[in-house]
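Protein chains in written order, with my numbering: chain A, 1 to 414; chain B, 415 to 828.
A virtual CB, placed ideally from N, CA and C, is assigned to each residue, including glycine.
Read through the structure below, which is laid out as structure tokens, and then see the notes.
Number of protein chains: 2
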Amino acid sequence: MALIVQKYGGTSVGSLERIRAVAERVGRARARGDQIVVVVSAMAGETNRLLQMAADLSDAPDPREADVLVSTGEQVSAALLAIRLRSLGYPTISFLGHQLKITTDSRHGAAKIKAVDCERLHRALSDGHIAVVAGFQGVNPDGDITTLGRGASDLTAVALAAATHASVCEIYTDVDGVYTADPNICPQARRLDRISYDEMLEMAGLGAKVLQLRSVELARRFNVPLVVRSSFSEESRGTWVGEEDKSMENVLVAGVTLDQNQSKITLTGVADRPGLAARIFGPIAGAGIVVDMIIQNAGADGRTDMTFTVPRADLRRALEQIRSIAGEIGAAGIRHEDQVAKVSIVGVGMRTHAGVAATMFKVLAAEGVNIEMIATSEIKVSVVVNAKYGELAMRALHDAFLGDGAHALPEELG
Amino acid sequence: MALIVQKYGGTSVGSLERIRAVAERVGRARARGDQIVVVVSAMAGETNRLLQMAADLSDAPDPREADVLVSTGEQVSAALLAIRLRSLGYPTISFLGHQLKITTDSRHGAAKIKAVDCERLHRALSDGHIAVVAGFQGVNPDGDITTLGRGASDLTAVALAAATHASVCEIYTDVDGVYTADPNICPQARRLDRISYDEMLEMAGLGAKVLQLRSVELARRFNVPLVVRSSFSEESRGTWVGEEDKSMENVLVAGVTLDQNQSKITLTGVADRPGLAARIFGPIAGAGIVVDMIIQNAGADGRTDMTFTVPRADLRRALEQIRSIAGEIGAAGIRHEDQVAKVSIVGVGMRTHAGVAATMFKVLAAEGVNIEMIATSEIKVSVVVNAKYGELAMRALHDAFLGDGAHALPEELG
Chain A
1 MALIVQKYGG
11 TSVGSLERIR
21 AVAERVGRAR
31 ARGDQIVVVV
41 SAMAGETNRL
51 LQMAADLSDA
61 PDPREADVLV
71 STGEQVSAAL
81 LAIRLRSLGY
91 PTISFLGHQL
101 KITTDSRHGA
111 AKIKAVDCER
121 LHRALSDGHI
131 AVVAGFQGVN
141 PDGDITTLGR
151 GASDLTAVAL
161 AAATHASVCE
171 IYTDVDGVYT
181 ADPNICPQAR
191 RLDRISYDEM
201 LEMAGLGAKV
211 LQLRSVELAR
221 RFNVPLVVRS
231 SFSEESRGTW
241 VGEEDKSMEN
251 VLVAGVTLDQ
261 NQSKITLTGV
271 ADRPGLAARI
281 FGPIAGAGIV
291 VDMIIQNAGA
301 DGRTDMTFTV
311 PRADLRRALE
321 QIRSIAGEIG
331 AAGIRHEDQV
341 AKVSIVGVGM
351 RTHAGVAATM
361 FKVLAAEGVN
371 IEMIATSEIK
381 VSVVVNAKYG
391 ELAMRALHDA
401 FLGDGAHALP
411 EELG
Chain B
415 MALIVQKYGG
425 TSVGSLERIR
435 AVAERVGRAR
445 ARGDQIVVVV
455 SAMAGETNRL
465 LQMAADLSDA
475 PDPREADVLV
485 STGEQVSAAL
495 LAIRLRSLGY
505 PTISFLGHQL
515 KITTDSRHGA
525 AKIKAVDCER
535 LHRALSDGHI
545 AVVAGFQGVN
555 PDGDITTLGR
565 GASDLTAVAL
575 AAATHASVCE
585 IYTDVDGVYT
595 ADPNICPQAR
605 RLDRISYDEM
615 LEMAGLGAKV
625 LQLRSVELAR
635 RFNVPLVVRS
645 SFSEESRGTW
655 VGEEDKSMEN
665 VLVAGVTLDQ
675 NQSKITLTGV
685 ADRPGLAARI
695 FGPIAGAGIV
705 VDMIIQNAGA
715 DGRTDMTFTV
725 PRADLRRALE
735 QIRSIAGEIG
745 AAGIRHEDQV
755 AKVSIVGVGM
765 RTHAGVAATM
775 FKVLAAEGVN
785 IEMIATSEIK
795 VSVVVNAKYG
805 ELAMRALHDA
815 FLGDGAHALP
825 EELG
């Protein structure tokens, strides 16, 4: 008998018909003899409906009260699924965040889980109950309801899986797994059978939306195997996300990602003195703007060019910050490009195989795509290109590393 | 500085526009310097919407889970009102049943309040906060959410008023007070300035829907003054409900009520033996049917006729029970009338004034209305008449006891 955590996202419980289908699936898992914890999101659209009401009543809804409001979405889903499971004859009990003592800090809307007390959950499971848990919510030490951030029902599921030492955490969604690339852009993209935590983290951080970043981090920390799977198909085998193993090293590139919402700012001829970066990026961080890639080219004359990317939506505000300090740091000029794209390849195989970056550059050169910035990590290479070449670059890299004839490529090109 | 509990019903918070209006009213009360506790119902229609979803998923939704579901209605209202009050600049904090330790038994859907721990509430008020409390909900000793029954946000308000020793509990609704009769039936009905708990209990029990019966009982037990008032009008002075005083005794009849949903069953020629009533009404109570009036006429021959009323919707089931025991108790026959109405007059003045019942009978006789059953209590006289005369009887009694020239009537007719 295993303990399995299943998480169903908003589209998976988006209607009463969908809730019936989820109940059937949960029931079958229970009937196989396993202990089942189900974590549910709010019905699709419900969180936005609630937030819209709050926005109609206040320009800046109080965060504590907004959490009281939006947490009802998951509460409704949990109750409805429990009602359905009971009507099918399965002993079932629902739990809210405070009932399972999912204790968080007090950062309403983006709270961090501090502890989970699974005593009541284990008692329910030992009594033969299916436990249905409202995702996304916790409780702070004062007993106030908190929420964990958008998409954080995944986090609830992984935290419960870790705390209960579940054998697997199954994430049910509306796609049938993690893909080598976004199928909407790259028709040749295919589902991955297996992917490591590290690769999944890079993929999630780089814009693949299947799994929430923090939930993957938590799964890695507690070594909780994840399976991402479609709730809309009985056949979906899904993608297994877990610890890296030897077989994964043979796969050079697990996926290609594309982020089309970046822009680029370059400060030229800056006096290269200690503390320069802090003086540039301090004010930008202070304005709440997330800087992604940063490249510095030191010149021979003690002057340097500094280039960095920010989300396109933040470009105007970032430029305001930069202009206000440009004189102070002695910059010769400020250039910006508002339409750039970041294309990345991710794979743990890079740790043990040389030449992957070089292959990437050759593939892009062969397509006539100019590379504007490069950043590398142990298992990732990212390049910034003009936005109009973003999709072309993604498809070319997918063909080269993940297409049908891809296996022979590294040697030939490298 | 007084502590005031205000309760707003479903139509009073039925839209975002209404919530804005309620926030203005609450804010003005706070600005007068009083400590304010606000209890809110679910937005009008929300509870039914939630229950309909449950009904679509199950023929008999699990009561524990149904409470988890429907309690979200009040949670949403409380959060929205708190968000609005905060955006108007009033420090405000919302509380759910479990956060205020509104502890109940475990009868889901009809739980009874056992205790209220007001420590956190008092702390919030002392800190200068307006407290907005989700009505209708509590928590059982296991930490499960319970609900107190339809209309029970009144009960939450009265319980909190009692526990905090509030100076008044204001019940805001869509009518501007308690009326001498239902204005839809009796155009001459007028708002009462004052009414005693006992009268209000009889009126509520007899079908006047302004206040929930249990909340009036609780208010009387803890001597919490109630004011019933409209949230839709600034001018509404409302009706004060409180302890009986001398001035009330001068008012012979406070109100006339009409219940048009009754039916009547008569068992004729029953052998009048000890335990007869138990053998008749035990099975009916066992079937969950509430018997209202019971009349027994003992005959000289040791045989008796037994007549009683049940809600019309339960008539068929009541007859089934009666037929199954008719032989056993030796009844000569069973008669029933499915369309009867109960008309009642209520007033504490009856305690000290004789002849009220006689006046009532004369008024009805003058209208040609035949009285089929009579039941009296210390402050109430009820008669059962053919349903088609119900409204006529009500209007005639209202004219006689509460009309413009009513004061002279008792002596003249009595």
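Next item on the list: Work out the CA separation of V799 of chain B and I743 of chain B for me, nearest whole Å.
Entry: Approximately 28 angstroms, taken between the alpha carbons.
Notebook entry, point to check: If you draw a straight line from the alpha carbon of G403 of chain A to that of S236 of chain A, how long is it in whole angstroms?
Noted result: So the two alpha carbons sit approximately 22 angstroms from each other.
Check: Does the beta carbon of R150 of chain A come closer than 8 angstroms to any beta carbon on chain B?
Finding: The Cβ of R150 of chain A sits no closer than 8 angstroms to any Cβ of chain B.
Check: When burial is assigned at 16 or more other CB atoms within 10 Å of the CB, is K209 of chain A buried or exposed?
Finding: Exposed, since its Cβ has fewer than 16 Cβ neighbours within 10 Å.
Check: Is the CB of T518 of chain B under 8 angstroms away from at least one CB in chain A?
Finding: At a cut-off of 8 angstroms between beta-carbon atoms, T518 of chain B makes no contact with chain A.
Check: On the three-state DSSP scale, how would you describe M306 of chain A?
Finding: Three-state result, M306 of chain A: strand.
Checklist line | Closer than 8 angstroms to chain B by CB, S87 of chain A | finding: Yes, S87 of chain A counts as interfacial toward chain B.
Notebook entry, point to check: Beta carbon of V427 of chain B, beta carbon of L539 of chain B: below 8 angstroms?
Noted result: No, the Cβ-Cβ distance between V427 of chain B and L539 of chain B is not below 8 angstroms.
Check: Taking the alpha-carbon positions, what's the K289 of chain A to Q321 of chain A distance?
Finding: Note on identity: in this sequence residue 289 of chain A is Ile, with Lys being the wrong assignment. Across the structure, I289 of chain A and Q321 of chain A are spaced so that their CA atoms are roughly 10 angstroms apart.
Checklist line | Sufficient close CB pairs (3 or more, under 8 angstroms) joining the stretch 516 to 525 of chain B to the stretch 427 to 446 of chain B | finding: Taking 8 angstroms as the limit for Cβ pairs, the verdict is that the stretch 427 to 446 of chain B does not touch the stretch 516 to 525 of chain B.
Check: Which two residues bound the contiguous beta strand (DSSP E) that contains Q449 of chain B?
Finding: For Q449 of chain B, the enclosing beta strand (DSSP E) covers residues 449 to 454.
Note to self: Taking the alpha-carbon of D174 of chain A as reference, which of A:K342, A:R194, A:E202, A:A44 has the nearest alpha-carbon?
What the structure shows: Considering only alpha carbons, the answer is A:A44.
Item checked: Outcome for G424 of chain B when other beta-carbon atoms lying within 10 angstroms are tallied against a minimum of 16 -> That one is buried.
Note to self: Let me make sure I understand the geometry here. Which of A:M306, A:I36, A:A42 has the alpha-carbon closest to that of R123 of chain A?
What the structure shows: Of the candidates A:M306, A:I36, A:A42, the residue whose Cα lies closest to the Cα of R123 of chain A is A:I36.
Next item on the list: Determine the extent of the beta strand (DSSP E) in which N250 of chain A is found, giving its start and end residues.
Entry: Judged by DSSP secondary structure, N250 of chain A falls outside any beta strand (DSSP E); it is assigned neither H nor E.
Check: Of the residues that make up the stretch 50 to 70 of chain A, which ones have a beta carbon closer than 9 angstroms to any beta carbon in chain B?
Finding: Within the stretch 50 to 70 of chain A, the qualifying residues are L50, M53, A54, D56, L57, S58, D59, A60, P61, D62, R64, E65, A66, D67, V68, L69, V70.
Next item on the list: Can you check DSSP and say which residues form a bridge with D259 of chain A?
Entry: Per DSSP, the beta-bridge partners of D259 of chain A are A:K342.
Checklist line | DSSP beta-bridge partners of N386 of chain A | finding: In the DSSP output, where bridge partners are listed per residue, N386 of chain A has A:V340.
Next item on the list: Mind checking which residues open and close the alpha helix (DSSP H) that includes K362 of chain A?
Entry: Where K362 of chain A is concerned, the enclosing alpha helix (DSSP H) stretches over 356 to 366.
Notebook entry, point to check: Listed in chain order, which residues of the stretch 615 to 630 of chain B have Cβ atoms closer than 8 angstroms to some Cβ of chain A?
Noted result: Those residues of the stretch 615 to 630 of chain B that come within reach of chain A (Cβ to Cβ, closer than 8 angstroms) do not exist; the list is empty.
Notebook entry, point to check: Does the stretch 688 to 697 of chain B come close enough to the stretch 636 to 647 of chain B to have 3 or more Cβ pairs within less than 8 angstroms?
Noted result: They do not touch, by the three-pair rule.
Next item on the list: Step through the CB atoms of chain A and report whether any lies within less than 8 angstroms of the CB of S508 of chain B.
Entry: It does; some Cβ of chain A falls within 8 angstroms.
Checklist line | Where the alpha helix (DSSP H) through F636 of chain B begins and ends | finding: 627 to 636 is the extent of the alpha helix (DSSP H) around F636 of chain B.
Check: Which one of A:G135, A:L57, A:I19, A:A23 has the shortest CA to CA distance from Q75 of chain A?
Finding: Check the Cα spacing between Q75 of chain A and each of A:G135, A:L57, A:I19, A:A23: the tightest is with A:G135.
Item checked: Below-8 angstroms beta-carbon distance, A131 of chain A vs any chain B residue -> Chain B contact via Cβ: absent.
Next item on the list: From the DSSP output, in three-state form, read off Y586 of chain B for me.
Entry: Strand.
Notebook entry, point to check: How about H750 of chain B: is its C-beta nearer than 8 angstroms to some C-beta of chain A?
Noted result: By this cut-off, H750 of chain B is not an interface position.
Margin query: Quick check on P410 of chain A: does DSSP put it in helix, strand or coil?
Written below: Its pLDDT being 45, under 50, P410 of chain A is placed unreliably by the model, and nothing is read from it.
Item checked: Among A:V68, A:A21, A:R84, nearest to A474 of chain B - alpha-carbon criterion -> Distance check between A474 of chain B and each of A:V68, A:A21, A:R84 places A:R84 closest, using alpha-carbon atoms only.
Next item on the list: Measure the Cβ-Cβ separation of T518 of chain B and G552 of chain B and say whether it is below 8 angstroms.
Entry: Their beta carbons are under 8 angstroms apart, which means T518 of chain B touches G552 of chain B by this criterion.
Notebook entry, point to check: Is D541 of chain B buried or exposed, if buried means 16 or more other CB atoms sit within 10 Å of its CB?
Noted result: Using a 10 angstroms sphere on the CB of D541 of chain B, the tally of other CB atoms stays under 16, which defines it as exposed.
Notebook entry, point to check: Okay, do the stretch 335 to 347 of chain A and the stretch 156 to 163 of chain A touch, 3+ Cβ pairs below 8 angstroms being the bar?
Noted result: Not touching, per the Cβ criterion.
Check: Can you tell which of A:F232, A:M203, A:V241, A:L252 has the C-alpha that lies nearest to the C-alpha of R221 of chain A?
Finding: Comparing Cα-Cα distances from R221 of chain A to each of A:F232, A:M203, A:V241, A:L252, the minimum goes to A:V241.
Notebook entry, point to check: From this set, A:P141, A:L88, A:E65, which residue's C-alpha is nearest H98 of chain A's C-alpha?
Noted result: Here the closest residue by C-alpha is A:P141.
Next item on the list: With a floor of 4 residues, list each alpha helix (DSSP H) that falls wholly inside the stretch 137 to 168 of chain A, ordered by position along the chain.
Entry: The qualifying runs are 153 to 163.
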